[in-house]
Structure formats: structure tokens, C-alpha cells
Ligand code: DGL
């Protein structure tokens with residue numbers, strides 16, 4: 213059982229930013245990444261749709277024998293994690309915008325959150341926001357269109373920069389000194405965001421999810437005892453050729469793309 217893979221899913225390739233942290237913290241674990249690229253972006257879709265997809269993806273991952281599940285998507289965590297935890301008995305770890313570390317770090321007491329519209333309107337996010345809003349002013353902005361550009365097989369740096377400027381500049385003008393990347397896709401373009409954000413500090417879930425996963429696996433005696441580095445499989449509901457182009461851009465390691473029929 214302890215050598216069984218950990219399942220990690222996202223609406224697309226955004227969760228690779230979380231996967232990287234998991235590989236660093238738990239290098240001996242076998243990992244199975246599932247990109248629901250046929251349905252990305254999740255941001256503008258309703259909660260019912262995201263819950264249904266999250267169930268479908270979890271069932272696929274369970275059929276592959278995963279021992280734990282990481283919902284490497286803020287939008288799916290907000291919409292579906294409670295439902296997944298009620299239905300399935302394995303450890304399930306999600307990701308949410310890192311407002312707490314941002315609030316601790318901010319000197320101007322103005323923190324920005326860039327996330328999908330689905331995350332921003334969710335009850336889970338509103339609750340998180342309200343926990344910190346007496347300590348810092350929290351500016352929220354939906355990154356509409358960013359996930360589409362990140363998932364596009366051809367890069368479009370000018371369009372990306374224009375959108376980032378449009379979203380980040382007004383928050384800077386309002387005194388933001390710390391920006392939370394509240395969507396796992398945005399961490400993949402951190403360098404471009406830093407260029408636009410200038411002196412603003414950038415905070416994302418980083419390795420926090422991986423550390424939480426390691427704690428949960430240790431508690432349940434599920435840590436891998438493999439003597440060698442674990443294997444990584446990449447599965448998608450989308451088109452394999454597109455995924456290969458994206459992996460070249462964002463992952464920089466050889467990976468076989470599996471695109472089973474019936475997952476879309
Ligand atoms: N990467 C996801 C997130 O963290 C979802 C992006 C999307 O599909 O809209 O929110």
C-alpha cells in the first residue's frame with residue numbers, strides 16, 4: 213500500500229506547480245497527475261459542474277489505486293473538497309489562497325489576491341477572507357483569461373503581460389505590497405507576474421500543500437518506503453499533442469502523456 217501512487221488533479225496543468233513541491237518534499241513517492249484539460253478552465257463553470265468532474269476524476273484515480281488525493285486546484289477545492297471528503301475514505305488534501313502568510317508578511321497591511329472567479333465567489337473563500345479582513349485590507353481580483361493563455365499551446369507573452377498589467381496595477385495603486393497567487397496555474401507564470409508586480413512580494417501555496425500531505429501520510433503510516441525516487445505518470449482528459457507542448461514549456465522533463473478515452 214505505501215508504494216501506491218498519490219493522485220493529484222487539477223483542471224489542467226496548473227497543479228504541476230503543486231506537484232513540483234510534492235516531488236521536492238516526498239521524492240520517494242509514486243505520483244499520478246491528472247489534468248482535466250478537456251474541461252479547463254474551471255473558474256467560470258458552476259460549482260455543480262466542478263463537483264461532478266471532481267468525483268469523476270477521483271473515481272478514475274481510485275481505480276488506478278491511489279492511496280491519497282491532492283486537489284491541486286483552488287477552484288475545485290472550494291467547490292468540491294467537502295463533497296469528496298464525505299464520499300471517499302482516503303486522505304484528501306486541498307489548496308487555498310495563502311492569505312495567512314501574506315497577511316503576516318505585509319507591511320502596508322494591503323494584500324491582493326488574484327484567483328479565479330469561481331474561487332472568489334465561493335463560500336470557502338469568503339470565510340477565509342473574513343478570518344483575516346480585520347488584520348489586513350484584502351483586495352481580490354479575478355484573473356479572467358489567464359488560465360486560457362497559460363493552457364494555450366502557442367505562447368502569447370504580449371497578451372499575458374497586458375492582462376497581468378490590467379489586474380495587478382490597480383491593486384498596486386491601492387497600496388498592495390503582497391500578492392497571493394490564488395490559482396495554481398498562476399505559479400507557472402510567476403516570473404512574468406514578478407515582472408509586472410515589481411517590488412510587491414509574491415506568495416503562493418508553495419510547498420505548504422506538500423508538507424501537509426507528508427504529515428497526513430506519516431500519521432496514517434502511508435509514507436512510501438521505496439529505496440529509489442518515485443515514478444511520475446501524467447494522464448489527461450485533453451489532447452495529448454497539446455499537453456506535450458505545455459509540458460515542454462512548464463515541466464522541462466520528459467514525460468509520457470497518457471490520454472485514455474472515456475475520461476472526457
Ligand atoms: N488551477 C485552478 C485553480 O487553482 C483552476 C483554474 C481554472 O481552471 O480556472 O484555481
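Numbering (our numbering), first residue to last: 213 to 476. For glycine and all other residues, C-beta sits at the position ideal for the given N, C-alpha and C. Given the structure is predicted, the values throughout are model-derived calculations rather than measurements.
Practice problem: Can you check DSSP and say which residues form a bridge with residue 327? | Solution: Bridge partners of residue 327: 354.
Self-check item: Residue environment, residue 389, which counts as buried when at least 16 other CB atoms sit within 10 Å
Solution: So residue 389 counts as buried.
Practice problem: Within the stretch 356-438, note down every full beta strand (DSSP E) run reaching 3 residues or more, in order along the chain. | Solution: Runs found: 390-393, 413-415.
Practice problem: Kindly examine the ligand DGL and report whether one of its heavy atoms sits closer than 7 angstroms to the Cβ of residue 359. | Solution: For residue 359, the shortest separation between its Cβ and any heavy atom of the ligand DGL lies below 7 angstroms.
Quiz item: Can you tell me the Cα-Cα spacing of residue 275 and residue 219, whole angstroms?
Solution: Cα to Cα, residue 275 sits roughly 11 angstroms from residue 219.
Quiz prompt | Beta-carbon proximity list for residue 452, same chain, < 7 angstroms, skipping 5 on both sides | solution = Only residues of its own chain outside the window of five on either side were considered, and among them 469, 471 have a CB closer than 7 angstroms to the CB of residue 452, listed in chain order.
Practice problem: Closer than 6 angstroms by C-beta to residue 318: which residues in its own chain qualify, once you throw out the five before and the five after it? Chain order, please. | Solution: If we look at residue 318 and ignore the five residues flanking it on each side, its Cβ neighbours are 348, 389, 390.
Quiz prompt | the stretch 344-358 in contact with the stretch 421-434 per 3-pair CB rule at 8 angstroms | solution = As far as the Cβ criterion goes, the stretch 344-358 does not touch the stretch 421-434, which means the pair count is below three.
Quiz prompt | Range covered by the beta strand (DSSP E) that runs through residue 245 | solution = Note, residue 245: beta strand (DSSP E), 243-247.
Practice problem: Would you kindly work out how many angstroms separate the C-alpha atoms of residue 251 and residue 224, rounded to a whole number? | Solution: The alpha-carbon of residue 251 is positioned some 8 angstroms away from that of residue 224.
Exercise. Return helix, strand or coil for residue 346, following the three-state DSSP convention.
Key: It is coil, neither helix nor strand.
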